[in-house]
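J.: Just add 822 to wherever you are in the sequence shown, counting from 1, and you've got my numbering.
Here it is: the structure, laid out below.
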Amino acid sequence: MGEPDIAVVERLNKEPLLVEYGKSFFPVLFIVLVLRSFLVEPFQIPSGSMKPTLDVGDFILVNKFAYGIRLPVLDQKVIQIGDPQRGDVMVFRYPSDPSVNYIKRVVGLPGDRIRYTSDKRLFINGELVAKKLIGTEPGTLGSAELYEEQLGEVEHQIRQEMSRYRAPPDSEWTVPAAHYFMMGDNRDNSNDSRYWDDPNIPKDELGMVPDKNIVGKAFAVWMSWPEPKLSHFPNFARVGLIK
């Protein structure tokens, strides 16, 4: 028998195209999964509850190891790196529905006493959090005021409606151990720790975010693309670090 044709041998030995693509694609997929599970995960902002810090359509990056490394399936913290600090912008799973991700600012740490009054003043452990008026803009009911506020080491802006209609009643909370009190920067248009009510959650933990629900610390906007996307172009003017 003569030698087999070289072209036939090459065709028989060559792996299917799908297998070749799979071998080249798998390492990339593996790296992406590792990055999303342990290091950095992208999110898109769907609402205006964090205005003026974050706007609808902003694409953000979240540092998932800022507060420790967790096993992605078991959600068990295996390496402690740090704890949330007052003023951090944090992504977390909504306590009443962990399948939903929320983003708010850390206002209360474990052991803190938080008080929010009907005239929209914030007290932490009996001390008034100072704010400075820097401007106004159109609001939901009339005009809204923009303020500079400092929580911990973080100086940031908040937004408050001038209308008294949206003012909540005077309320006070004590943050339990391993929990955090969260508020949106758009103070009168944010579903946050001040308003959450769930009969399945113990009364002393109502409105609080448990440590186990933390996803990570939001640290940058890398693009903004408002809805509907077909009517807008991507906007890179908002690119920058989140504070």
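Just so you know, even glycine gets a beta-carbon here, dropped at the ideal spot from N, CA and C.
Would you check if there are 3 or more beta carbon pairs closer than 8 Å linking the stretch 987-1005 to the stretch 932-941?
T.: With a cut-off of 8 Å, the stretch 932-941 and the stretch 987-1005 count as touching, because enough Cβ pairs lie within range.
J.: Residues in its own chain within less than 8 Å of isoleucine 903 by CB, not counting five upstream and five downstream?
T.: The answer, listed in chain order, is Phe887, Ala888, Tyr889, Gly890 and Ile891.
J.: Using the three-state DSSP reduction, which class does asparagine 1035 fall into: helix, strand or coil?
T.: The answer is helix: DSSP assigns asparagine 1035 an H, G or I state.
J.: Mark aspartate 1020 as exposed unless 16 or more other C-beta atoms lie within 10 angstroms of its C-beta, in which case mark it buried.
T.: Looking at its Cβ environment, which holds fewer than 16 other Cβ atoms inside 10 Å, aspartate 1020 is exposed.
J.: By how many angstroms is the C-alpha of aspartate 1007 removed from the C-alpha of leucine 968?
T.: Approximately 10 Å between the Cα atoms of the pair.
J.: Taking buried to mean at least 16 other C-beta atoms within 10 Å of its own C-beta, is aspartate 1010 buried or exposed?
T.: Per the 10 Å Cβ criterion, buried.
J.: Judging by CA-CA distance, which residue of Ile946, Val884, Ser921 and Leu861 is the nearest neighbour of aspartate 1003?
T.: First, the amino acid is wrong: residue 1003 is phenylalanine here, not aspartate. That would be Ile946, whose Cα lies nearest to the Cα of phenylalanine 1003.
J.: Which residues in the same chain as glycine 964 place their Cβ atom closer than 8 Å to its Cβ, once the five residues preceding and following it in sequence are excluded?
T.: Excluding sequence neighbours, glycine 964 sits near Glu983, Met984 and Ser985.
J.: I need the DSSP call for serine 985, collapsed to helix, strand or coil.
T.: Note: serine 985 maps to coil in three-state DSSP.
J.: By a C-beta neighbour count over all protein chains shown, 10 Å radius and 16 as the cutoff for buried, is phenylalanine 1055 buried or exposed?
T.: Phenylalanine 1055 comes out exposed.
J.: To the nearest angstrom, how far is the alpha carbon of phenylalanine 877 from that of glycine 1029?
T.: The amino acid at residue 877 is misidentified as phenylalanine; the sequence shows aspartate. Approximately 24 Å between the Cα atoms of the pair.
J.: So, using beta-carbon positions, are asparagine 923 and arginine 935 closer together than 8 Å?
T.: For asparagine 923 and arginine 935, no; Cβs fall outside 8 Å.
J.: Quick one: grab the DSSP three-state call for leucine 950.
T.: The answer is strand: DSSP assigns leucine 950 an E or B state.
J.: Please name the residue in Tyr1017, Ser869 and Asp880 whose C-alpha comes closest to that of alanine 1059.
T.: Cα-wise, what sits closest to alanine 1059 is Asp880.
J.: Run the CB neighbour count on proline 826, radius 10 Å, all protein chains shown included, and call it buried at 16 or more, exposed below.
T.: Any reading at proline 826 needs caution, since the residue's pLDDT is 46, under 50, leaving its predicted position unreliable; the model's value is listed next. With fewer than 16 other Cβ atoms within 10 Å, it is exposed.
J.: State the Cα-Cα distance for the pair glutamate 971 and serine 918, rounded to the nearest angstrom.
T.: Between glutamate 971 and serine 918, the C-alpha separation is close to 29 Å.
J.: With a CB to CB cut of under 6 Å and the five nearest residues on each side skipped, what residues in its chain are close to leucine 973?
T.: Once the five neighbours on either side are set aside, the close Cβ partners of leucine 973 are Arg908 and Gly909.
J.: With DSSP as the reference, label glutamate 975 as helix, strand or coil.
T.: Reduced to three states, the DSSP call for glutamate 975 is coil.
J.: Please work out which residues of its chain come closer than 7 Å, Cβ to Cβ, to lysine 873, disregarding the five sequence neighbours upstream and downstream, and give them in chain order.
T.: Hits under 7 Å: Arg981, Asp1007 and Asn1008.
J.: Let me know the secondary structure DSSP gives phenylalanine 852 once reduced to three states.
T.: Its pLDDT being 45, under 50, phenylalanine 852 is placed unreliably by the model, and nothing is read from it.
J.: Would you tell me roughly how many angstroms separate the C-alpha atoms of glutamate 1027 and tryptophan 1044, rounded to the nearest one?
T.: Roughly 34 Å between the two C-alpha positions.
J.: Within 10 angstroms of its Cβ, does serine 1046 collect 16 or more other Cβ (buried), or is it exposed?
T.: Buried, by the Cβ-count rule.
J.: One question on the structure: do valine 862 and lysine 1039 come within less than 8 Å of each other, judged by their Cβ atoms?
T.: No. Outside cutoff.
J.: Sorted by chain position, which residues of the same chain lie with C-beta nearer than 6 Å to asparagine 1013's C-beta, five sequence neighbours on each side aside?
T.: There are no such residues.
J.: Assuming methionine 1005 and valine 929 make a contact with CB atoms under 8 Å, what is their CB distance in whole Å?
T.: With 8 Å as the limit, methionine 1005 and valine 929 qualify as a contact, their Cβ atoms being about 5 Å apart.
J.: Hey, isoleucine 925 and valine 911 are a contact pair by Cβ (cut 8 Å); roughly how many whole angstroms apart?
T.: About 7 Å separates the two Cβ atoms, so the contact holds.
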